[in-house]
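**Q**
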Amino acid sequence: AMRLNYRIQRDLLRADHVVYQSVFCKEMADTHLYNRREHYSVIHNGVDLNLFHPGQGHSGRLRLLAAGSLRHEYMLGTVLPVFARLWRRLDLELHVVGTLGQICRQQLAEFSENNPQANERIKVIGAIDNDDMPQQMRQADVLLHPRLGDWCPNVVVEALACGLPVVCGSWGGAAELIGTGGIIVPTEKWSYGPEFVKGMATAVETVLESLAEYRVRARQRAETDFDIRHVAQEYGLAMGLMHAGE
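For what it's worth, our numbering labels the leading residue of the sequence shown as 99, then goes sequentially.
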């Protein structure tokens, strides 16, 4: 890790122009690696809006989605308690899509043992091809993204493009992405725990109360800021490969 950080520091110092994925990313690099004061851009990740787009939705219960890399113990360590607070009152189900580490599998097994009535409401899909992710997102109602400290999570950009509202914490790059297409839960640095769970659960309820409006705003946010063609143009401008107006 120290060797990698040294290389990043060196590159941040020497590069003609640096592109950061988020303001949060820039702030963390400034604090822990090298404070770049000029010749840099902040460009969020983009998405193919023709591949990731809203669909017809789904029938049946309201569906909470946890997706992406779920190896971090606090991901399902937050998602499952949020689900536990809500599933009875909201007739909710949970789909888990993404790479699961051993700790996450253990968390799911323990939750299943302690909440046997909720077992049939949880579907663990696991890792899938990226081309299959849009369908999973179109059939969900809220993406719960509890990971704090992310630079610029692709799964959040993809969800917005699919018209899937997002609930996330305020500490990290995800909070820069969602605009009015979801709810940002106030939190401090790495502040996982009961208060965060409570805030995330309340935010999910709020989104579901006005789901149609949040869906429209999520897609609008993606169309305005995350179209991969526009993002590619921003990179071209930053790298001097093209000029404004081209």
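Note that beta-carbon positions come from the ideal geometry of N, C-alpha and C, so glycine has one too. Since this is a predicted model, take the numbers as computed values, not measurements.
Excluding sequence positions up to five away, which residues of its chain have a Cβ less than 6 angstroms from the Cβ of T285?
**A** On the sequence shown, position 187 is the one that residue 285 refers to. So the list reads G267, S268, W269, F294, once near-sequence residues are dropped.
**Q** Which one of L275, A127, E171 has the shortest CA to CA distance from T197?
**A** Within the sequence shown, numbered from 1, the residue matching residue 197 stands at position 99. The shortest C-alpha separation from T197 is found at E171.
**Q** If I'm right that A238 touches L206 with Cβ under 8 angstroms, what's the distance once you round it to whole angstroms?
**A** Sequence index remark: in the sequence shown, residue 238 carries index 140 (1-based). Sequence index remark: in the sequence shown, residue 206 carries index 108 (1-based). Actually they do not touch by this definition, with Cβ atoms about 18 angstroms apart.
**Q** At the level of alpha carbons, what is the spacing between C193 and Q204?
**A** Against the sequence shown, residue 193 aligns to sequence position 95. Against the sequence shown, residue 204 aligns to sequence position 106. The sequence given here places His at residue 193; Cys does not occur at that position. Between H193 and Q204, the C-alpha separation is close to 17 angstroms.
**Q** Quick one: what does DSSP say H53 is sitting in, helix, strand or coil?
**A** Past the edges of the chain, shown from 99 to 344, lies residue 53, and the structure says nothing about it.
**Q** Can you tell me whether E211 is helix, strand or coil according to DSSP?
**A** Counted from its first residue, the sequence shown places residue 211 at position 113. E211: helix per DSSP, three-state reduction.
**Q** Taking the alpha-carbon positions, what's the L102 to D189 distance?
**A** Here the question's residue 102 lines up with position 4 in the sequence shown. Here the question's residue 189 lines up with position 91 in the sequence shown. Answer to the nearest angstrom: the Cα atoms are 47 angstroms apart.
**Q** Ignoring anything shorter than 4 residues or poking outside the segment 116-162, list the alpha helix (DSSP H) runs there in chain order.
**A** Those alpha helix (DSSP H) runs which fall completely within the segment 116-162 and span 4+ residues are 121-130.
**Q** Count the CB pairs spanning the segment 166-180 and the segment 128-140 that are closer than 8 angstroms, and state whether there are at least three.
**A** No: the two stretches stay apart, fewer than three of their Cβ pairs being nearer than 8 angstroms.
**Q** Apply the 10 Å Cβ neighbour rule to A113 and answer buried if 16 or more other Cβ atoms are within range, or exposed otherwise.
**A** In the sequence shown, the residue the question calls residue 113 occupies position 15. Per the 10 Å Cβ criterion, exposed.
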